[in-house]
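**Q** Right, I'll just put the structure down here and ask away after.
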Amino acid sequence: MIYALCLILIVIGLYAVVTKKNVVKIVIGLAIAEYGINLLLILIGYRKDGWAPIVSPDMDPAAFAASSVDPIPQALVLTSIVISLGVLALMVALCIRLYERYGTFDVTEMRRLRG
Amino acid sequence: MENAIPLFVAIPLGTAFLIPMIARKLKWAPDLLGNAAMLGLCAMAFATVGQTGIYHMGGWSTLGGFKTPLGIDLRLDGLSSLMLMAVNLIGLAAALFSVDYMKRYTDKGRYYSLFLLMVAGMNGVVLTGDLFNLFVFMEVAAISSYALVAFGCEHDELEASFKYAVLGSVASAFILIGIALLYGITGTLNMAHAAGNLAGGGLPLLLATGLFMCGFGLKAALVPFHAWLPDAHPSAPAPVSAMLSGVVIKALGVYVIARLVFNIFGPAHELLTIVRWLGVVSMIVGVFLAIGQWDMKRLFAYHSISQIGYVALGLGLGTPLGIAGGLFHMVNHSVFKSLLFLNAGAVEHASGTRDLKRLGGLNKGMPVTANTSLVASMSIAGIPPFNGFWSKLLIVLACIEAGRPWLALAAVLVSLMTLASFLKVQRYAFFESARAALSQVREAPLLMRSAMLLLAALCLIMSLLVVTGLESPLLIAPAVQALSGVFGSS
Amino acid sequence: MSELPANEGMSLIVQTVTRWLKAFILLFGVYIVIYGHLTPGGGFAGGVIVACSFILLTLAYGQRRGLKAVSRGVAGEMDSVGALIFLAVALAGMIAGGAFFANFIETGEAARFTLPSAGLIPLSNIGIGLKVGMSLFLVFTVLSAMHVAVSGSRRRMISRGEDDR
């Protein structure tokens, strides 16, 4: 099933978050996981042989509702992309500041908080 | 009143964007605007007592002849009203405290902007009736809190914020997958309509439930999802710690779990068992990990995990008494935990350290801080007549009534260990004789003192909520009704 | 990491092409914002393209030129103004239309599928487009301007943590 491919993408992203030691790679892994989730959201709204959800002047609303792809997941994905943009920008800024303070991007060396 | 519901989100949002523009010209503007906004919100929150209502955004009714509802609803019921009061009151106290405390950091304008965004996000979470809107507001509050934890840009603040941001984003990712699956099953995002359409869920429903428990469990810092909390809460500036421990983990975590379990999925036996066990494990693990701590704020953070465990235990019992106990403990914990963090902030402001081994004898130099800290410690340990005693009593009685005496015993033992922990804090920080380096400490400035006194007064006043009877405390009964449909007349 | 050299931008080809194209990219972004209610796109996508035009200018000519086009102060102000426009539109809906974000501008059946249709939505798109454009440009400028001066004795290259173990 095509959903399996989405899930593989999400799992790859989460794998990168869990195992990588470079802070920037963790951020990239999170971005990949977010791509996978957005793809999953759009796929949930898919209808086989459906039209794109854009209404043109000569279209009948009932026919549109019956045969277009579901537009709600597309709106959700737009919002989700914006949110992940915000988080990504914040985490990249944190990475830069972390480098400034610790001199390294290696997570295993940032262990001042313990216990 | 119904028309004012969107203002709970609009006012902090507008002020948050107004402050950076004005802060350039007027130096005192951020403090004034920030505190005025919080005061207004607090007043509005108290005006929502006893009111319920549904507000359709954009004026779109859900009965417009379409099969599934259009538009986003904002719903105000007993539980939302309770959470609004908690969030805005603690926000007011923290904002008052920040006027003096944040002088040591740069750029108060951006601080207040982020703070108000966090409050706007939390107000949105407790008011919304739509699943994806919940996600959006949760992210607004979460991103602001990641930035606020890193506000000082020192080593530990950045490290804590990074860890919190990664774990929080993974949790949000799980929640989004859960929402996607739930939309696929029910075809609607409106919470009330989704609740009726869950039949025939099968595997996707099970997966969605699991993902929601993991995601919101991490936001609520239940064990085993608690790893970010002991780093993030101590490293943040004191008023931000008070907000984080006091309201963020409740509005973004416990409140949503309560809504999901009781209103959307229905209180099934297995779901309640999961919540109950998460609660018990958090309670016990939190207090054991807290015993060995010597950093004041880290100790308080571990106790937050433990007390949230109490709340989850109360909610997980499923009986009206249990839910009342859980919700009462939730608001009580907001008050006394934020008071404890503000005290730690005042201590740090005066003496420059949070390490219990280096503090001592602050009783003489800082009477207000010491006394409010004593009130808060007695509340969290469950000593009458403070509010913590009543909520813990409710939870213990609910455990016994539900036929689980071992859980009641565990709750009492954890309470005793909490008492031991806080006796240690009181002795080392406040009671012993002052060291030479600390002989010059002076009391905290006026606004910081007034914030602490406000919360300490609340610790006493909130015990009075049980005057209407142990089973239906004054403000808690409508909230219990909203969750479980009991108490027909409240 | 040593101090960043004074960046002169990129090669002559890139600079020439940028000089011709930057106005068109900005215009295209504004088009996507304004026609957001009729064609795909809208506030966020158009705002990103607007930000990209300024980012392209910065990349091709160097930071000084980019900041001369939109300085950090102006970007910050426009950012807040965009958000406040959005909020004002929503509150206007509340005052004039009775509900938050109610669509109170009615243009009737005849004007469907043309530019002034869909009431409030183009106005809110403009607010969002302005905010996102300025915001992203500000993020890019601030992140790229951080001269990472590693404190004291810990200066070293991107560390051994770069390889996975």
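So the protein lines, in turn, are chains A, B and C. When you line the first sequence up against the numbering used here, it's residues -15 to 99, in that order. When you line the second sequence up against the numbering used here, it's residues 41 to 530, in that order. When you line the third sequence up against the numbering used here, it's residues -13 to 151, in that order. Even for Gly, the Cβ is constructed at its ideal location relative to N, Cα and C. Only a predicted model underlies this, so the values are computations on that prediction, with no experimental measurement involved.
Does residue 114 (chain B) come out as helix, strand or coil in the three-state DSSP assignment?
**A** Walking along the second sequence from the start, residue 114 (chain B) turns up at place 74. Of the three classes helix, strand and coil, the one that applies to residue 114 (chain B) here is strand, per DSSP.
**Q** Indicate the three-state DSSP secondary structure (helix, strand or coil) for residue 173 (chain B) in the structure shown.
**A** Residue numbering aside, residue 173 (chain B) sits at position 133 when the second sequence is read from its first letter. Here residue 173 (chain B) sits in helix by DSSP.
**Q** Give the DSSP bridge partners of residue 128 (chain B), in chain order.
**A** The residue labelled residue 128 (chain B) in the question sits at position 88 within the second sequence. DSSP output for residue 128 (chain B) lists no bridge partner at all.
**Q** Report the neighbours of residue 124 (chain C) on chain B: residues whose CB is nearer than 9 angstroms to its CB, in chain order.
**A** One-based indexing of the third sequence puts residue 124 (chain C) at position 138. Residues of chain B passing the Cβ test: none, with the nearest at roughly 11 angstroms.
**Q** For the beta strand (DSSP E) containing residue 38 (chain A), name the first residue and the last one.
**A** Taking the first sequence and counting its residues from 1, the one referred to as residue 38 (chain A) is at position 54. No beta strand (DSSP E) holds residue 38 (chain A); DSSP gives it neither H nor E.
**Q** Would you verify that the beta carbon of residue -5 (chain A) is, or is not, closer than 8 angstroms to some beta carbon of chain C?
**A** Working through the first sequence from its first residue, we reach residue -5 (chain A) at position 11. Not closer than 8 angstroms to any Cβ of chain C, the Cβ of residue -5 (chain A) fails to qualify, so no.
**Q** Please classify residue 309 (chain B) as buried or exposed, where buried requires at least 16 other C-beta atoms within 10 Å of its C-beta.
**A** As a position in the second sequence, residue 309 (chain B) is number 269, starting the count at 1. By the 10 Å Cβ count, residue 309 (chain B) comes out exposed.
**Q** Hey, does residue 62 (chain C) have any beta-carbon neighbour from chain B nearer than 8 angstroms?
**A** Here the question's residue 62 (chain C) lines up with position 76 in the third sequence. Judged by the 8 angstroms Cβ criterion, residue 62 (chain C) is in contact with chain B.
**Q** Taking the alpha carbon of residue 350 (chain B) as the point to measure from, which residue in B:437, B:74, B:210, B:66 has its own alpha carbon closest?
**A** As a position in the second sequence, residue 350 (chain B) is number 310, starting the count at 1. Comparing Cα-Cα distances from residue 350 (chain B) to each of B:437, B:74, B:210, B:66, the minimum goes to B:437.
**Q** Can you list, in chain order, the residues of its chain whose CB lies under 6 angstroms from that of residue 148 (chain B), leaving out five sequence neighbours each side?
**A** Within the second sequence, the letter at position 108 stands for residue 148 (chain B). Cβ within range, chain order: 70, 142.
**Q** Please check if any C-beta of chain C sits within less than 8 angstroms of the C-beta of residue 190 (chain B).
**A** Numbered from 1 along the second sequence, position 150 holds the residue referred to as residue 190 (chain B). Answer no: the Cβ-Cβ gap between residue 190 (chain B) and chain C never drops below 8 angstroms.
**Q** In terms of alpha-carbon separation, which member of C:62, C:113, C:36 lies closest to residue 15 (chain C)?
**A** Within the third sequence, residue 15 (chain C) is the residue found at index 29, counting from 1. Here the closest residue by C-alpha is C:36.
**Q** Hey, quick one: how far does the beta strand (DSSP E) through residue 95 (chain B) stretch, first residue to last?
**A** For the purposes of this step, residue 95 (chain B) is identified with residue 55 of the second sequence, where counting begins at 1. Run containing residue 95 (chain B): 93 to 96, per the beta strand (DSSP E) assignment.
**Q** Excluding the 5 residues flanking residue 509 (chain B) on each side, which residues of the same chain have their C-beta closer than 7 angstroms to its C-beta?
**A** Within the second sequence, the letter at position 469 stands for residue 509 (chain B). So no residue of the chain qualifies.
**Q** Starting from the beta carbon of residue 66 (chain C), find every residue of chain B whose beta carbon is closer than 8 angstroms, and list them in chain order.
**A** The count along the third sequence starts at 1 and reaches residue 66 (chain C) at position 80. By Cβ distance, chain B contributes 57, 58, 60, 61.
**Q** At the 8 angstroms Cβ level, is residue 81 (chain A) part of the contact set with chain B, yes or no?
**A** On the first sequence, residue 81 (chain A) is found 97 positions in, with the first residue counted as 1. Closer than 8 angstroms to some Cβ of chain B, the Cβ of residue 81 (chain A) qualifies, so yes.
**Q** Taking the CB atoms as reference points, tell me whether residue 269 (chain B) and residue 341 (chain B) lie closer together than 8 angstroms.
**A** As a position in the second sequence, residue 269 (chain B) is number 229, starting the count at 1. As a position in the second sequence, residue 341 (chain B) is number 301, starting the count at 1. Yes.
**Q** Can you tell me whether residue 57 (chain C) is helix, strand or coil according to DSSP?
**A** Locating residue 57 (chain C) in the third sequence gives position 71, counting from the first residue. Three-state DSSP puts residue 57 (chain C) in coil, outside helix and strand.
**Q** Since residue 353 (chain B) contacts residue 447 (chain B) with CB under 8 angstroms, what's their CB separation in whole angstroms?
**A** Position 313 of the second sequence, counted from the first residue, corresponds to residue 353 (chain B). Position 407 of the second sequence, counted from the first residue, corresponds to residue 447 (chain B). Indeed, because the Cβ distance is near 7 angstroms, the residues count as touching under 8 angstroms.
**Q** How about residue 387 (chain B) and residue 412 (chain B): do their beta carbons lie closer than 8 angstroms?
**A** Walking along the second sequence from the start, residue 387 (chain B) turns up at place 347. Walking along the second sequence from the start, residue 412 (chain B) turns up at place 372. No, the Cβ-Cβ distance between residue 387 (chain B) and residue 412 (chain B) is not below 8 angstroms.
**Q** Can the beta-carbon of residue 75 (chain B) be found closer than 8 angstroms to that of residue 139 (chain B)?
**A** Position 35 of the second sequence, counting from 1, holds the residue named residue 75 (chain B). Position 99 of the second sequence, counting from 1, holds the residue named residue 139 (chain B). Their beta carbons are under 8 angstroms apart, which means residue 75 (chain B) touches residue 139 (chain B) by this criterion.
**Q** What is the residue span of the alpha helix (DSSP H) that residue 269 (chain B) lies within?
**A** Mapped onto the second sequence, residue 269 (chain B) falls at position 229. Segment 269 to 275, the alpha helix (DSSP H) holding residue 269 (chain B).
**Q** I'd like to know whether the C-beta of residue 179 (chain B) is nearer than 8 angstroms to at least one C-beta of chain A.
**A** Here residue 179 (chain B) corresponds to residue number 139 of the second sequence, with the count starting at 1. Yes, contact with chain A.
**Q** First and last residue of the alpha helix (DSSP H) that includes residue 60 (chain B)?
**A** Position 20 of the second sequence holds residue 60 (chain B). Note, residue 60 (chain B): alpha helix (DSSP H), 47 to 63.
**Q** On the DSSP bridge list, what partners appear for residue 52 (chain A)?
**A** Position 68 of the first sequence holds residue 52 (chain A). Residue 52 (chain A) is bridged to A:35.
**Q** Does the beta-carbon distance from residue 395 (chain B) to residue 96 (chain A) come in below 8 angstroms?
**A** Translated into the one-based positions of the second sequence, residue 395 (chain B) becomes position 355. Translated into the one-based positions of the first sequence, residue 96 (chain A) becomes position 112. For residue 395 (chain B) and residue 96 (chain A), no; Cβs fall outside 8 angstroms.
**Q** Secondary structure at residue 508 (chain B), three-state DSSP: helix, strand or coil?
**A** As a position in the second sequence, residue 508 (chain B) is number 468, starting the count at 1. Residue state, collapsed to three classes: helix.
**Q** Label residue 328 (chain B) either buried or exposed according to how many other C-beta atoms from any shown protein chain fall within 10 Å of its C-beta, with 16 as the threshold for buried.
**A** One-based indexing of the second sequence puts residue 328 (chain B) at position 288. Flag for residue 328 (chain B) reads exposed.
**Q** Using only CA atoms, which one of A:90, A:-8, A:32 lies nearest to residue 50 (chain A)?
**A** Along the first sequence, read from residue 1 onward, the residue named residue 50 (chain A) stands at position 66. Taking only the C-alpha atoms, the option nearest residue 50 (chain A) is A:32.
**Q** Can you give me the start and stop residues for the alpha helix (DSSP H) that residue 347 (chain B) sits inside?
**A** Here residue 347 (chain B) refers to the residue found at position 307 of the second sequence. Where residue 347 (chain B) is concerned, the enclosing alpha helix (DSSP H) stretches over 336 to 357.
**Q** Looking at C-beta atoms only, is the number of pairs between the stretch 374 to 393 of chain B and the stretch 278 to 295 of chain B that lie closer than 8 angstroms three or more?
**A** At 8 angstroms Cβ cutoff, the stretches touch.
**Q** Give me the Cα-Cα distance between residue 296 (chain B) and residue 12 (chain C), rounded to the nearest whole angstrom.
**A** Residue numbering aside, residue 296 (chain B) sits at position 256 when the second sequence is read from its first letter. Residue numbering aside, residue 12 (chain C) sits at position 26 when the third sequence is read from its first letter. Answer to the nearest angstrom: the Cα atoms are 42 angstroms apart.
**Q** Quick test of your reading: residue 55 (chain C) and residue 124 (chain C), contact by CB under 8 angstroms. State the CB separation rounded to the nearest angstrom.
**A** On the third sequence, residue 55 (chain C) is found 69 positions in, with the first residue counted as 1. On the third sequence, residue 124 (chain C) is found 138 positions in, with the first residue counted as 1. With a Cβ gap of about 13 angstroms, residue 55 (chain C) and residue 124 (chain C) do not count as contacting.
**Q** For residue 195 (chain B), decide whether its Cβ has a neighbour in chain A, counting only Cβ atoms nearer than 8 angstroms.
**A** Residue 195 (chain B) sits at position 155 when you count from the first residue of the second sequence. Chain A contact via Cβ: present.
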